[in-house]
Amino acid sequence: MWKTDIFELNSKNKTLQIAELQRIKVNLKSKKIIILVHGEEIYVENMIIPKIRKKSIYELIEEKLRNRFKKLDNIMFSYNINSHNKLELNVDVLCMNWDNFELFKKLSESKVDVKGVIPVQLYALEKYNKKIYKKQCIFLTFFKNIAYIIACYNNKIIFNDVFEVKSKEDVIYCIEEFRLRLNILVPRIEFKHIEILNLPYKGLLEELSQYYNCNDLGELSI
Numbered sequence: 001m002w003k004t005d006i007f008e009l010n011s012k013n014k015t016l017q018i019a020e021l022q023r024i025k026v027n028l029k030s031k032k033i034i035i036l037v038h039g040e041e042i043y044v045e046n047m048i049i050p051k052i053r054k055k056s057i058y059e060l061i062e063e064k065l066r067n068r069f070k071k072l073d074n075i076m077f078s079y080n081i082n083s084h085n086k087l088e089l090n091v092d093v094l095c096m097n098w099d100n101f102e103l104f105k106k107l108s109e110s111k112v113d114v115k116g117v118i119p120v121q122l123y124a125l126e127k128y129n130k131k132i133y134k135k136q137c138i139f140l141t142f143f144k145n146i147a148y149i150i151a152c153y154n155n156k157i158i159f160n161d162v163f164e165v166k167s168k169e170d171v172i173y174c175i176e177e178f179r180l181r182l183n184i185l186v187p188r189i190e191f192k193h194i195e196i197l198n199l200p201y202k203g204l205l206e207e208l209s210q211y212y213n214c215n216d217l218g219e220l221s222i
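In structure tokens, the structure reads:
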């Protein structure tokens, strides 16, 4: 079984120094890695497309995204088929605007096997998905002073946001802002349960528990 290393990239560091890039290429040469991207929001879009061959689905989604975003140079996306009938596919598309493709190219040229470029919040959600039993919940996780909030319904991401936080009060404010926007998007679905990973502030769980049913998932070390 091969081992996959994890390389973390903070989106605030838009460029890497040449010496640092060279160090990365040397240290990771001939290894399999996953690049975790911090600080990027995920864009979620549902699409109804014709039922076509699997190899053509990616091209069709890419064309639809090109019509929406006009320029796809920095857009990465993946998709999941929710349902289908004889004529159509119901597809959820997850997009991320990532402007470090040059790094991806350099690593590939240096024979570094990049297995994936993944937003850190999706990596965390996938890690803990089997421990989340609620049909509908808010997944809240923290990495490097950034709060990632994801609304999940029937194992699907329906809304998400990213906030920079510096205090317990910041977190509470961001959750309320998130809830307000979520209520506009899906007014008929009530989210009362929060799954929390990497709690950063003492007393936060107790305070949130006054308004929500909260579950502490513990800490994730990357």
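Per the UniProt record's numbering: the sequence shown = residues 1 to 222. Ideal placement from N, C-alpha and C gives every residue a C-beta, glycine not left out.
For residue i, tell me which candidate among the options has the shortest Cα-Cα distance.
{"i": "F101", "options": "N82, K134, M76", "result": "M76"}
{"i": "L199", "options": "Y211, V171, E177, I158", "result": "V171"}
{"i": "C152", "options": "V44, N90, K54, G39", "result": "V44"}
{"i": "F191", "options": "V93, L94, L140", "result": "L140"}
{"i": "I184", "options": "S209, I158, E206", "result": "I158"}
{"i": "L87", "options": "G116, I49, I81", "result": "I49"}
{"i": "S221", "options": "N90, K168, F142, K166", "result": "F142"}
{"i": "D73", "options": "F104, Q136, C174", "result": "F104"}
{"i": "I81", "options": "D161, I57, Y211", "result": "I57"}
Tell me the residue span of the beta strand (DSSP E) that contains residue i.
{"i": "S83", "result": "75-84"}
{"i": "E176", "result": "E176 -> not in any beta strand (DSSP E); alpha helix (DSSP H) instead, spanning 168-185."}
{"i": "L62", "result": "Per the sequence presented here, residue 62 reads as Glu, with Leu not at that position. Where E62 is concerned, there is no enclosing beta strand (DSSP E), although the alpha helix (DSSP H) it sits in stretches over 54-69."}
{"i": "K156", "result": "156-164"}
{"i": "C88", "result": "Correcting the residue type first, residue 88 is Glu in the shown sequence and not Cys. That run of the beta strand (DSSP E) goes 88-97."}
{"i": "K32", "result": "32-38"}
{"i": "P50", "result": "43-50"}
{"i": "Y201", "result": "Unbroken run through Y201: none, as it is neither H nor E."}
{"i": "L140", "result": "136-143"}
{"i": "Y133", "result": "Premise fails: Y133 is in no beta strand (DSSP E) and is neither H nor E."}
Between which two residues does the alpha helix (DSSP H) carrying residue i extend?
{"i": "L122", "result": "120-128"}
Applying the criterion that 16 or more other CB atoms from any shown protein chain within 10 Å of the CB defines a buried residue, is residue i buried or exposed?
{"i": "Q121", "result": "buried"}
{"i": "P119", "result": "buried"}
{"i": "Y79", "result": "buried"}
{"i": "H38", "result": "buried"}
{"i": "Q22", "result": "Note that Q22 scores 48 on pLDDT, short of 50, meaning its location in the model is unreliable and no value can be drawn from it."}
{"i": "I35", "result": "buried"}
{"i": "N155", "result": "exposed"}
{"i": "K14", "result": "Confidence at K14 is low in this model, with a pLDDT of 39, below 50, so its placement is unreliable and no value can be given for it."}
{"i": "N213", "result": "exposed"}
What I want to know is whether the C-beta of residue i ends up closer than 6 Å to one or more non-hydrogen atoms of the ligand GTP.
{"i": "L197", "result": "Absent from the structure shown: the ligand GTP. Ligands present: none."}
Quick one: grab the DSSP three-state call for residue i.
{"i": "F191", "result": "coil"}
{"i": "V26", "result": "In this prediction, V26 has a pLDDT of 45, which is less than 50 and means its spatial position is unreliable; what the coordinates show is noted afterwards. Of the three classes helix, strand and coil, the one that applies to V26 here is helix, per DSSP."}
{"i": "L208", "result": "helix"}
{"i": "K106", "result": "helix"}
{"i": "K115", "result": "strand"}
request  = Please determine if the segment 84-102 and the segment 124-138 are in contact, where contact requires at least 3 C-beta pairs separated by less than 8 Å.
outcome  = Judged by Cβ distances under 8 Å, the segment 84-102 makes no contact with the segment 124-138, as fewer than three pairs qualify.
For the structure I just gave you, are there three or more beta carbon pairs, one from the segment 63-75 and one from the segment 144-154, closer than 8 Å?
Touching, no.
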